[in-house]
Structure formats: C-alpha cells, structure tokens
Amino acid sequence: MVDDIKRNLNRRNLIKTSGVAGITAFAGCISTSDDGGDGGDGGDGGDGGDSGEGAYSIGMVDSLTGSLSAFGERNQRGKDLALGRVNELGINDQELDIIVEDSGSENQGGISAAQKLVNQDSVPFLIGAVGSGVSVAIYESVVQETDVVQLSQNSTGLGLTDFPGLLRMSPTGRAQSLALANIIADDGYDSVAVTYVNNEFGQSLTDAFVDAWDGEVAYNSAHDQEQSSYSSVMSEMNNSGADAWLFITYQAEFTTMVNEAFSSGYEAQFYGADSAQGSGVLEGTPEGSMEGMKITLPSAPIEQENYQEFATAFEEEYGEEPTSWSAYAYDCVINAALAIQAADDFSGSALQETVREVSRPSGEQVSTYEDAHAILAEGGSASDVDYQGVSGPIDFDENGDPVGFLQIVTVEDHEYVDAGFIEG
Numbered sequence: 001m002v003d004d005i006k007r008n009l010n011r012r013n014l015i016k017t018s019g020v021a022g023i024t025a026f027a028g029c030i031s032t033s034d035d036g037g038d039g040g041d042g043g044d045g046g047d048g049g050d051s052g053e054g055a056y057s058i059g060m061v062d063s064l065t066g067s068l069s070a071f072g073e074r075n076q077r078g079k080d081l082a083l084g085r086v087n088e089l090g091i092n093d094q095e096l097d098i099i100v101e102d103s104g105s106e107n108q109g110g111i112s113a114a115q116k117l118v119n120q121d122s123v124p125f126l127i128g129a130v131g132s133g134v135s136v137a138i139y140e141s142v143v144q145e146t147d148v149v150q151l152s153q154n155s156t157g158l159g160l161t162d163f164p165g166l167l168r169m170s171p172t173g174r175a176q177s178l179a180l181a182n183i184i185a186d187d188g189y190d191s192v193a194v195t196y197v198n199n200e201f202g203q204s205l206t207d208a209f210v211d212a213w214d215g216e217v218a219y220n221s222a223h224d225q226e227q228s229s230y231s232s233v234m235s236e237m238n239n240s241g242a243d244a245w246l247f248i249t250y251q252a253e254f255t256t257m258v259n260e261a262f263s264s265g266y267e268a269q270f271y272g273a274d275s276a277q278g279s280g281v282l283e284g285t286p287e288g289s290m291e292g293m294k295i296t297l298p299s300a301p302i303e304q305e306n307y308q309e310f311a312t313a314f315e316e317e318y319g320e321e322p323t324s325w326s327a328y329a330y331d332c333v334i335n336a337a338l339a340i341q342a343a344d345d346f347s348g349s350a351l352q353e354t355v356r357e358v359s360r361p362s363g364e365q366v367s368t369y370e371d372a373h374a375i376l377a378e379g380g381s382a383s384d385v386d387y388q389g390v391s392g393p394i395d396f397d398e399n400g401d402p403v404g405f406l407q408i409v410t411v412e413d414h415e416y417v418d419a420g421f422i423e424g
C-alpha cells in the first residue's frame, strides 16, 4: 500500500515523496519567563527598545480551552522546550518572556486575547493562533494596521495566503486537499461525499479539494461546531450513494460522527484532513468504526538530525513523542528569538525586517538556536542566518507561507499507522 501511494503521488506530480516515516498522533494568562520581566514597548510599531532589565516580552495566543485545546497543549510543550533553550544562552544577555493568552478556540476570544497583548502588554511580536479563522480574525481586527509581527503556529487554511503580512509556521492546506483528491481517486472511487466544519479552515480546504477532484461530488455540506448530534449529516452522506466519505472537521465533531455512523450501520471508506485525527478520536470511538481510514496531516522531516534531537528531548521531558504541532510552536519561538537578536531594536518595525531574513536560503544553514545565535553574536546580520527548523526549512514565501511536509496515516486495528511521508 505504501509503495502504491508513493508511486501514485509521483505520477500525478502532486508532491515529492521524501521517505516513509511518521509521528504518533497525538487558561487565562501565563507568563513563561523565569523572572517575570517587564514587557517591551512597540506593540503598535512604535519605538520599542529592549524590555528593560528583565526580558524581551512577546505574546502568544493559544487554544488553552475549547474545541482546539488538544492542539494548544502540544503547542505549549513545544513552546516551553524552545524557550528553555533560548534562555540558556539568552538574547543580547537578556531572557525571552512569552505572555500566553487563551483564545478559547473562538474568533472573538482570539481577538480579545490579542488586543490585551498588543494594546496593554505592548508586545511587538505575536505568536498566534490555533485555527485559521482565529488567526485571520486576529490579523484583521488587531494586527493589520500596526507593525506587530504575527506568526501563526497552527493554521493551514488557504485564506491566510491572502494576507502576506500574516506569517505561519504550518503549511497551507492546499497540499492536503490535492493529496486527498489523488488518494481517493487512486483507491478507485469516482464519487465522494464531503462534510466540513463551517469556518474558514473547513471551507477553504474543501474548495481546494473540489477544484482538484475530477470525479463526482455527491454531497458537499458544512456543519457547525460543538453540536450534540450529527445524525442528519451522516444520514445525508449515506443517502448520497457515495462510497468515499471525506471529513474536514475537528476531533470532537468527527468522534460524534463516527459513533453515529457506526451505530446506524453505515459503511463507507473514510478519509480525513489532519484536524480529524488524534488519540482522543481513537479513545472515543469503537474498534472497527474507522478501519482503513486514510488521513493527510502536516508533518515534520523526522529523518533530519535536528528533528530527532528535538523528539528525544521532548520525549524525555513529557514522556511521549511530539507531534508536528509541537514542532511548529517550537520553531515559532526560535524564529522570534533570532529575529529579536538580529533586529536593530525591539520594535515591530525592526522585527518586520528580520523575521523573514533569519530563515532565508541566502544565509548559512544552521539547525539549532545555539548555532544561529553564535553567528549573530559574532556580528552577523539576519541575512547571514538560514535557520532550518525542526519542522523543516521555513523560508517564508511572498505570502508568508513556509515549505511544507505531509504525512499519510491509515487506521488499522484502531491504531494510526504510517503510510507515507511527503514534501510539498
């Protein structure tokens, strides 16, 4: 099966196969500095300078509660691991402080959190958020008219590409949509039923899938989040006559759908985007209910030495393997630290000049904060550094999108099994 997937992906010129490997599936305000140093000025793009004798303070909007909190937990662990490494060496003899605010996994919650960080804490650099709709809402409502740098840790929706000032560490979901269209077709299906979560993430990935799909779309309908039942959606998908069902939704919603489809005796070949996969789904559904399901998800280049070192440290610290989401959050912190060290001053306008440069191919390739820090400490500029993240080469394009990696997993005996590792 793995060889067939690889061959078919190559044949369709979708994305380049790089190997076979995988990563196991997966409130309030938190200050993560050791000394609680004062935040810097410059959140509005004004003169920031440094943050005083304590630390350089930046912000992070994360999903500590709500439907995307599983991603938030992974983010916090990756962030904490990166922050510890940054503060072992410091930035210009100061520490980095990250003020974390909870979005509640909702657009308005993200806006409120970002407003607090930008307007009250005056952060010039904002990591955020989980959920494409939340990230876009923050950018449009809080960041867009300022010089604040926004770097999303976990947003794959295609709509972010329309905002070049909104950077993201996780890749666009377009590659996922193309991969899913190819995989379903190569499995011999010419008709598909699609349901997607009713937000920017779900709509944009579904639109890209439909554009790439050459067969019939027998059912294509949105569903709202956090509903107690999706029995009508399952019934409509079953009545569509399509034998392939695609789910572009979140873990909690998908878990409910699986249980209702299984209890109704519906039989179909399941496919899913990354957000429908996780340990909570396996724990919340009966064995056999998803057998043979195939899922595409953003991944990290786990054969790289720096990723392996990161994974070892992560497992030693937390007792479990990291996910790609942890790797993205880790790289957001490292990128922010390098941008701060390379900037002329600690202000949004200065960081706008360095945030992209510290990972561009024009510089010397380095794969750790220690090596990148050394180049800058010895008088190097942002353009002298090409940080290669644990999530892969970052190299933001003109739209703020990075190079991306994808993994294909299948469900076998109620476990996620690796079925491909591809670079987009």
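Using UniProt numbering, the letters of the sequence shown correspond one by one to residues 1 to 424. We put the beta carbon where it would ideally sit given N, CA and C, even for glycine.
(message) Taking 8 angstroms as the cut-off, does the segment 379-395 touch the segment 244-253 (at least 3 CB pairs, one atom from each stretch)?
(response) no
(request) Leaving aside the five residues before and after V411 along the sequence, list all residues of the same chain whose C-beta is less than 7 angstroms from its C-beta, in chain order. (result) By 1-based counting over the sequence shown, the position of residue 411 is 411. So the qualifying residues of the chain are M290, E291, G292 and M293.
(request) Decide yes or no for the touch test of the segment 143-151 against the segment 235-251: beta carbon pairs closer than 8 angstroms, at least 3 of them. (result) no
(request) Taking 8 angstroms as the cut-off, decide whether the C-beta atoms of E301 and P171 are in contact. (result) Taking the sequence shown and counting its residues from 1, the one referred to as residue 301 is at position 301. Taking the sequence shown and counting its residues from 1, the one referred to as residue 171 is at position 171. First, the amino acid is wrong: residue 301 is Pro here, not Glu. Taking 8 angstroms as the Cβ cut-off, P301 and P171 do not qualify as a contacting pair.
(message) Do A273 and Q176 have their beta-carbon atoms positioned less than 8 angstroms apart in this structure?
(response) Stepping through the sequence shown from its first residue, residue 176 is reached at position 176. Stepping through the sequence shown from its first residue, residue 273 is reached at position 273. Contact: yes.
(message) On the criterion of 16 or more Cβ atoms from any shown chain inside 10 Å, does N182 qualify as buried, or is it exposed?
(response) As a first step, residue 182 must be located in the sequence shown, where it is residue number 182. The residue in question, N182, is buried, as its Cβ has 16 or more Cβ neighbours within 10 Å.
(message) Here's a check: name, in chain order, each residue in its chain whose Cβ is nearer than 8 angstroms to the Cβ of E415, leaving out the five neighbours to either side.
(response) Indexing the sequence shown from 1 puts residue 415 at position 415. Around E415: L282.
(message) Per DSSP, what are the beta-bridge partners of L246 in this structure?
(response) As a first step, residue 246 is located in the sequence shown; it is residue number 246 there, counting from the start. DSSP lists V194 and Y271 as partners of L246.
(message) What does DSSP give as the partner residue(s) for I91 in the beta ladder?
(response) Reading the sequence shown from its first residue, position 91 is the one you call residue 91. Answer is Q94.
(request) Output the distance between the C-alpha atoms of S31 and S204, rounded to the nearest integer angstrom. (result) Here residue 31 refers to the residue found at position 31 when the sequence shown is read from its first residue. Here residue 204 refers to the residue found at position 204 when the sequence shown is read from its first residue. Summary for S31: the model assigns pLDDT 47, below 50, so the residue's position carries little reliability, and this model does not support an answer.
(request) Please look up how many angstroms separate the CB atoms of residue 434 and N107, rounded, as I've assumed it's under 8 angstroms. (result) Look at the range of the chain in this structure, 1 to 424, and you will see that residue 434 is not part of it.
(message) Tell me the rounded alpha-carbon separation between D224 and R85.
(response) Locating residue 224 in the sequence shown gives position 224, counting from the first residue. Locating residue 85 in the sequence shown gives position 85, counting from the first residue. Rounded to whole angstroms, D224 to R85 spans 40 angstroms at the Cα level.
(message) Considering Cα atoms alone, identify which of T256, G363, E260 and E88 is closest to G280.
(response) As a position in the sequence shown, residue 280 is number 280, starting the count at 1. Among T256, G363, E260 and E88, the Cα nearest to that of G280 belongs to T256.
(request) Decide if the segment 261-273 is in contact with the segment 345-363; the criterion is three or more beta carbon pairs, one per stretch, under 8 angstroms apart. (result) no
(request) Could you tell me which residues DSSP puts in a beta bridge with R77? (result) Here the question's residue 77 lines up with position 77 in the sequence shown. Answer is none; R77 lacks a bridge partner.
(request) State whether the segment 109-129 contacts the segment 323-339, with contact taken as three or more CB pairs (one from each stretch) at a distance under 8 angstroms. (result) yes
(message) What does DSSP give as the partner residue(s) for T410 in the beta ladder?
(response) Translated into the one-based positions of the sequence shown, residue 410 becomes position 410. Note: T410 sits in a beta bridge opposite K294 and V417.
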